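Colleague: Can you read through this structure? Questions will come right after.
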Amino acid sequence: MSIKVLALVGSLRKGSLNKVLVQTAAEEAPAGMEITIFPLNDLPLYNTDVETAGLPESVVALHEAIKNSDAMILATPEYNGSFSGVLKNGIDWASRGGGILAKKPVVTMGGSPGALGGTKAQEHLRAVCLHLGMYLLPKPTVAVPHFGKKIEDGKLTDDQTREFIGGQMAAFEEWINRFK
């Protein structure tokens, strides 16, 4: 049985550390788990006037991708002790879809160049997920410190971190199956 997971990455940078994190999750995921990254680049800033005038194509595509997924991964860098505005904007648009985030299994992850690996960002992100009624995997959480030093040529090279991400994906598969 296939599990479709939609990932949102809260960084628009070409060399995004958190995109590498999600790509690693896809590589380490159990067989049958398909992880797709939805690009947040084309979403306008959330604005009720825009919403009232009609949802932009990029927002409609985001809603469809969420509806067609079994679960979600939210990956974020840490900016000023919280998660990124890019990811917040994506969540804000997604939350306007008639409750499509409620009861959606979700896992968070993050990595940063700093010593804490983005743990503060995930605390805030996890609070938002709970507020929206998402089914948040309690643990394990992935927060990768000094992440940039663990990447070569766009690939995560640290075996211990890869193993930990694989463990999170295995736990996430069990979590998703609880709600199917």
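Following numbering that gives the first Met the number 0 from start to finish, the sequence shown increments by one per residue and tops out at 179.
For glycine and all other residues, C-beta sits at the position ideal for the given N, C-alpha and C.
The model shown is predicted, which means the values in this text are computed figures rather than measured ones.
For Gly153, name the three-state secondary structure that DSSP assigns.
Modeller: Position 154 of the sequence shown, counting from 1, holds the residue named residue 153. Coil.
Colleague: Are the region 44–51 and the region 85–95 touching by the rule of at least three beta carbon pairs closer than 8 angstroms?
Modeller: Segments in contact, yes.
Colleague: Going by beta carbon distance, what residues of the same chain come within less than 7 angstroms of Leu44, once the five residues before and after it are set aside?
Modeller: Translated into the one-based positions of the sequence shown, residue 44 becomes position 45. Only Asn88 meet the Cβ criterion.
Colleague: Below 8 angstroms, can you find three or more Cβ-Cβ pairs linking the region 5–14 to the region 64–72?
Modeller: With the cut-off at 8 angstroms, the region 5–14 and the region 64–72 touch.
Colleague: My understanding is that Gly110 touches Leu16, with C-beta atoms under 8 angstroms, so please give their C-beta distance in whole angstroms.
Modeller: On the sequence shown, position 111 is the one that residue 110 refers to. On the sequence shown, position 17 is the one that residue 16 refers to. Indeed, because the Cβ distance is near 5 angstroms, the residues count as touching under 8 angstroms.
Colleague: Counting pairs of Cβ atoms below 8 angstroms between the region 155–165 and the region 123–131, do you hit three or more?
Modeller: Taking 8 angstroms as the limit for Cβ pairs, the verdict is that the region 123–131 does not touch the region 155–165.
Colleague: Could you give the DSSP three-state label for Met133: helix, strand or coil?
Modeller: Residue 133 sits at position 134 when you count from the first residue of the sequence shown. Three-state result, Met133: coil.
Colleague: Could you spell out where the alpha helix (DSSP H) holding Lys13 opens and where it closes?
Modeller: As a first step, residue 13 must be located in the sequence shown, where it is residue number 14. No alpha helix (DSSP H) holds Lys13; DSSP gives it neither H nor E.
Colleague: Output needed for Lys119: all residues of its chain with C-beta closer than 8 angstroms, excluding positions within five of it in sequence on either side, in chain order.
Modeller: Position 120 of the sequence shown holds residue 119. Once the five neighbours on either side are set aside, the close Cβ partners of Lys119 are Glu77, Gly80 and Ser81.
Colleague: Can you round the beta-carbon distance between Lys154 and Met133 to whole angstroms, since I take them to be within the 8 angstroms contact cut?
Modeller: By one-based count along the sequence shown, residue 154 stands at place 155. By one-based count along the sequence shown, residue 133 stands at place 134. Actually they are not in contact, since the Cβ atoms of Lys154 and Met133 sit about 30 angstroms apart, beyond 8 angstroms.
Colleague: How many whole angstroms separate the CB atoms of Gly117 and Thr75, which I take to be in contact at a CB cut-off of 8 angstroms?
Modeller: Here residue 117 is taken as the residue at index 118 of the sequence shown, counted from 1. Here residue 75 is taken as the residue at index 76 of the sequence shown, counted from 1. At roughly 7 angstroms, the Cβ-Cβ gap stays under 8 angstroms, so Gly117 and Thr75 are in contact.
Colleague: Which of helix, strand or coil does DSSP assign to Gly84?
Modeller: The count along the sequence shown starts at 1 and reaches residue 84 at position 85. Residue state, collapsed to three classes: helix.
Colleague: Tell me the rounded alpha-carbon separation between Gly84 and Gly9.
Modeller: Reading the sequence shown from its first residue, position 85 is the one you call residue 84. Reading the sequence shown from its first residue, position 10 is the one you call residue 9. Going by the C-alpha atoms only, they are around 7 angstroms apart.
Colleague: Beta-carbon within less than 7 angstroms of Ile34's beta-carbon, same chain only, minus the 5 sequence neighbours each way: which residues are those?
Modeller: On the sequence shown, residue 34 is found 35 positions in, with the first residue counted as 1. Excluding positions up to five away in sequence, the list reads Val4, Ala6, Val21, Ala24, Ala25, Ala28 and Ile72.
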